[in-house]
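**Q**
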Amino acid sequence: MRGRAWRQWDPLRVASAGLGSAVALMLAAYAAGATTSNPTPGGVVSAIALLAIAGSGLLYAWRLGTGGLVE
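Heads up: the sequence shown is residues 1216 to 1286, going by the working numbering.
1) Does the region 1249 to 1261 come within contact of the region 1224 to 1238, defined as at least 3 CB pairs closer than 8 Å?
2) Any idea what DSSP makes of residue 1255, helix, strand or coil?
3) Out of curiosity, what's the CA-to-CA distance linking residue 1238 and residue 1256?
4) Looking at residue 1233: is its Cβ nearer than 8 Å to the Cβ of residue 1273?
5) Looking only at its chain, what residues have a beta carbon closer than 8 Å to the beta carbon of residue 1241, apart from the 5 residues adjacent to it on each side?
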């Protein structure tokens, strides 16, 4: 029974969700740190760049035809 449940999950989507969760956690930690101190402009630009790169990666992973489950 446990094996069937694991076979239904697409590994690419599971990996994307895990990576997205890690990036969201890092950005939340940065936002919490930024509220208690003065963020530098370079730090803000880095956080925005990380968000853009991670977002484009997740959009690429979820597009149709990447080899994942299409049904």
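We treat Cβ as the ideally placed atom computed from N, Cα and C, and that holds for glycine.
**A** On the basis of the coordinates in this document:
1) no
2) In the structure shown, residue 1255 sits in coil (DSSP, three-state: anything other than H, G, I, E or B).
3) 20 Å
4) no
5) Taking residue 1241 as the centre and dropping the five residues before and after it, the same chain places the C-beta of 1265 closer than 8 Å to its C-beta, in chain order.
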